[in-house]
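A.B. asks: Residue numbers (the working numbering), protein chains in the order written: chain D, 18 to 329; chain R, 18 to 329. Let me begin by handing over the structure; questions about it come next.
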DNA sequence: CCATAAATTGCACATCCGTGCATCAGTAGC
DNA sequence: GCTACTGATGCACGGATGTGCAATTTATGG
């Protein structure tokens, strides 16, 4: 590039970024059109005559967050540190979830809630600054023994308390013994009324399960090992809200589907904010699936898991 | 500031400056209003979370240029290196003048031209890329012996050739022996026609003189030493287009004024672009005066002089 | 030299962005 | 508890900015 042009571009950049002149003023001052100033500024940025540097505070995992958002076209990713003590990780995740909720929740709106160990632990630790009058609705049938706290009703109740709102309950299991039982229960008004509330849900908070030996789904006795093996055989990597998906996030039809009570995946995809919380290596494939399938808008995870998600 | 807020601001900054999202998109993505995004970005810049750095090529004296522009509210300052060999300085100044003219000149418009050693040397060395069809008009009477090349007519002619245009001539001296002589000459149609052309001038290129022993004004015999002493006594620091000014750039009435033929200062101030070229320490006070008095829009000088201009 | 392609330019438009203002939530003092 | 103050918020407006387009200029090939 011509040296005089370079000098001109430098001068424009200086006036624009360091001085407080707008493009019109610079154009008039230097005897060129405003359009040209705009284009030269663009050139200056592209040629790195102007560099924009971010002093991002350390330890924030912005790189990981940004990387995941970019790679999967995700709305927002929140990464917390991976602590030795899992409780610390839960606490950190709870803090990020709280701040996210404070941003997005509107007074009195409906929150859909899933189930599981992760969700329980995060819900227990969440803190928000004021009362939001939320209505917290289960969007899945009951799973896990009552008393362990991982049941959706209990998590909904905890969260409603923390957010200063009310919670609804679902009075049916998530996994029935037969298709017929599921049909009867699902059509019962008790269940229907709760499930229909999910139509109003603008924000859903969900966990994900893998289908390995450590999954609460298995440990709590809802499924048998051979069923997991069968699911694996279909290419399934885990579930999101009891919707079994493959590594591309596609729901895979299977013989268990007919026995489940939960809001199905295609309806979840219509919810404005779907927040998934998930840690640990075993969950990486299912989280990836959820991301690939564009099923969720927000992911909360920890550093290690985030790295694994990004790792090819 | 709250750590969660900081994280949010970092994220916004990243999406805005490194990603290619606009404020609306970021707001939607993160669940906040666009206004808030705008204000957080402002905060990020003020708190230096976002830093804008200019990679200004070295050796350009941008600091000096910017300093003078800022201190005196000058439109544009162009600084060239101070070479041992004055010819080099003239050459560099000619290059900057040329590029400036290429920016601001419109085809067929009028250029007003002064006189002097500096102007002669710069005009001799100027190069432009194409023909502008300029009309070059003297805006001062003749000064300096013909043949030395410092006469306004000769400079006008040189410049017109370089710019691919035509030049006009003035057929009267700049300094007359008496007020009566000046009146007669000035009212003569030959002079009047040329001087009236100055009304059309949109760009003027001028030198400045000090009133010391090295001034061409003195050396060429237009003024006597005792006249300079008299002018100094009035607080005059030099002249711009034969308008004697004090250190604040104010025109100072004096007994010589009546004998001069030149476009007066108040009319010069109405010209859109007034470019002054001046080097050397002796000219610092008069250049400062011209700057203070807001008489000019553009100053072309060299590093050393620029430093002296800025030095308190 | 002309003809064609490529680049530059300014205009006009649509979008984008900063900011005054009114409103609302949070806080401190009584 | 009430009131007054401070700060945060969103709306709406107008100014600031980027960009498609057509016209012009410049470079390239014949």
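Glycine included, C-beta positions come from ideal geometry on N, C-alpha and C. Predicted, not measured: the structure shown is a model, and the values here were computed from it.
Relative to chain D, which residues along the segment 24-44 of chain R have a C-beta separation below 9 Å, given in chain order?
C.D. replies: The segment 24-44 of chain R vs chain D, Cβ under 9 Å: 24, 25, 27, 28, 30, 31, 32, 34, 35 and 36.
A.B. asks: For chain R, check one thing: does any of its Cβ atoms lie closer than 9 Å to the Cβ of residue 112 of chain D?
C.D. replies: Output row for residue 112 of chain D: interface = yes.
A.B. asks: Would you please state the rounded distance, in angstroms, between the beta carbons of residue 320 of chain R and residue 38 of chain R? I believe it to be under 8 Å.
C.D. replies: Going by Cβ atoms, the distance from residue 320 of chain R to residue 38 of chain R rounds to 44 Å, so no, they are not a contact pair.
A.B. asks: I need the DSSP call for residue 322 of chain R, collapsed to helix, strand or coil.
C.D. replies: Three-state result, residue 322 of chain R: helix.
A.B. asks: Exposed or buried, which one is residue 98 of chain R when buried takes at least 16 other CB atoms within 10 Å?
C.D. replies: The residue in question, residue 98 of chain R, is exposed, as its Cβ has fewer than 16 Cβ neighbours within 10 Å.
A.B. asks: Compile a chain-ordered list of the residues in the segment 51-73 of chain R whose CB is closer than 7 Å to at least one CB of chain D.
C.D. replies: The segment 51-73 of chain R vs chain D, Cβ under 7 Å: 65, 66, 67, 68, 69, 70, 71, 72 and 73.
A.B. asks: With 16 other CB atoms within 10 Å as the buried threshold, where does residue 146 of chain R fall?
C.D. replies: Result: exposed.
A.B. asks: Is the shortest distance between the beta-carbon of residue 329 of chain R and the beta-carbons of chain D less than 9 Å?
C.D. replies: No, no contact with chain D.
A.B. asks: Measure how close the beta-carbons of residue 198 of chain D and residue 292 of chain D come, nearest whole angstrom, since I'm counting them as under 8 Å.
C.D. replies: Actually they are not in contact, since the Cβ atoms of residue 198 of chain D and residue 292 of chain D sit about 31 Å apart, beyond 8 Å.
A.B. asks: Suppose you measure from the CA of residue 54 of chain D to the CA of residue 167 of chain R; what does that come to, to the nearest Å?
C.D. replies: Going by the C-alpha atoms only, they are around 37 Å apart.
A.B. asks: What are the uninterrupted segments assigned as alpha helix (DSSP H) that are 4 or more residues long and contained completely in the segment 106-182 of chain R, given in chain order?
C.D. replies: The qualifying runs are 134-142 and 169-180.
A.B. asks: From the DSSP output, read off the bridge partner residues of residue 256 of chain D.
C.D. replies: Residue 256 of chain D is bridged to D:226 and D:261.
A.B. asks: Taking 9 Å as the CB-CB cut-off, is residue 250 of chain R touching chain D?
C.D. replies: No, residue 250 of chain R does not count as interfacial toward chain D.
A.B. asks: Is it buried or exposed for residue 90 of chain D, if we count other Cβ within 10 angstroms and need 16 for buried?
C.D. replies: Result: exposed.
A.B. asks: Please state whether the Cβ-Cβ distance between residue 100 of chain R and residue 152 of chain R is less than 9 Å.
C.D. replies: The answer is no: Cβ separation not under 9 Å.
A.B. asks: In terms of DSSP beta bridges, what is residue 279 of chain R paired with?
C.D. replies: Residue 279 of chain R pairs with R:157.
A.B. asks: Find out if the Cβ-Cβ distance for the pair residue 285 of chain R, residue 190 of chain R is shorter than 9 Å.
C.D. replies: No; because the gap between Cβ atoms is not below 9 Å, this pair is not in contact.
A.B. asks: For residue 268 of chain D, count neighbouring C-beta atoms within 10 Å of its own C-beta (all shown protein chains included) and say buried if the count is 16 or more, exposed if not.
C.D. replies: Residue 268 of chain D should be labelled buried.
A.B. asks: Out of D:107, D:71, D:213 and D:135, which one is the CA nearest neighbour of residue 156 of chain D?
C.D. replies: Taking only the C-alpha atoms, the option nearest residue 156 of chain D is D:213.
A.B. asks: In angstroms, rounded to a whole number, what distance separates the CA positions of residue 22 of chain D and residue 45 of chain D?
C.D. replies: So the two alpha carbons sit approximately 17 Å from each other.
A.B. asks: Kindly list the residues whose CB is nearer than 6 Å to the CB of residue 61 of chain R, restricted to its own chain and excluding five residues on each side of it in sequence; keep chain order.
C.D. replies: Here the set comprises 26, 30 and 67.
A.B. asks: Using a beta-carbon distance below 9 Å, is residue 83 of chain R in contact with chain D?
C.D. replies: Yes, residue 83 of chain R counts as interfacial toward chain D.
A.B. asks: Assuming residue 172 of chain R and residue 114 of chain R make a contact with CB atoms under 8 Å, what is their CB distance in whole Å?
C.D. replies: Rounded, the Cβ-Cβ distance is 12 Å, inconsistent with contact.
A.B. asks: Who are the neighbours of residue 129 of chain R on chain D, taking C-beta pairs under 7 Å?
C.D. replies: Correct list: empty, because the minimum Cβ distance to chain D is about 16 Å.
A.B. asks: Does any residue of chain D have a CB that is nearer than 9 Å to the CB of residue 126 of chain R?
C.D. replies: With 9 Å as the cut-off, residue 126 of chain R does not count as an interface residue toward chain D.
A.B. asks: What residue ranges within the segment 22-74 of chain R form continuous beta strand (DSSP E) runs of no fewer than 3 residues, ordered along the chain?
C.D. replies: Counting only runs of 3 or more, we get 67-71.
A.B. asks: For residue 272 of chain R, does the count of other Cβ atoms within 10 angstroms reach 16, so buried, or fall short, so exposed?
C.D. replies: Residue 272 of chain R is exposed by the Cβ-count criterion.
A.B. asks: Please classify residue 237 of chain D: does DSSP put it in a helix, a strand, or coil?
C.D. replies: Three-state result, residue 237 of chain D: coil.
A.B. asks: With distance defined between alpha-carbon atoms, name the residue in R:297, R:93, R:305 and R:306 nearest to residue 102 of chain R.
C.D. replies: Ranking R:297, R:93, R:305 and R:306 by Cα distance to residue 102 of chain R puts R:297 first.
A.B. asks: Between the C-alpha atoms of residue 142 of chain D and residue 50 of chain R, what's the straight-line distance to the nearest angstrom?
C.D. replies: Between residue 142 of chain D and residue 50 of chain R, the C-alpha separation is close to 27 Å.
A.B. asks: When DSSP labels each residue in this structure, what does residue 269 of chain D get in the three-state scheme?
C.D. replies: Residue 269 of chain D falls in the coil class under three-state DSSP.
A.B. asks: Report all residues from its chain with a CB closer than 7 Å to the CB of residue 181 of chain R; omit the five preceding and five following residues, and keep chain order.
C.D. replies: Correct list, in chain order: 148, 149 and 150.
A.B. asks: Pull up the DSSP beta-bridge partners for residue 221 of chain R, would you.
C.D. replies: Answer by DSSP bridge pairing, in chain order: R:129 and R:291.
A.B. asks: In this structure, does DSSP put residue 17 of chain D in helix, strand or coil?
C.D. replies: With chain D covering only 18 through 329, there is no way to say anything about residue 17 of chain D.
A.B. asks: Below 7 Å CB to CB, which residues in the same chain sit around residue 43 of chain D once its five sequence neighbours on both sides are set aside?
C.D. replies: 29, 32, 33 and 54.
A.B. asks: Using a Cβ-Cβ cutoff of less than 8 Å, which residues in the same chain neighbour residue 224 of chain D once the five nearest sequence positions on both sides are dropped?
C.D. replies: Here the set comprises 131, 132, 133, 134, 135, 136, 293, 294 and 295.
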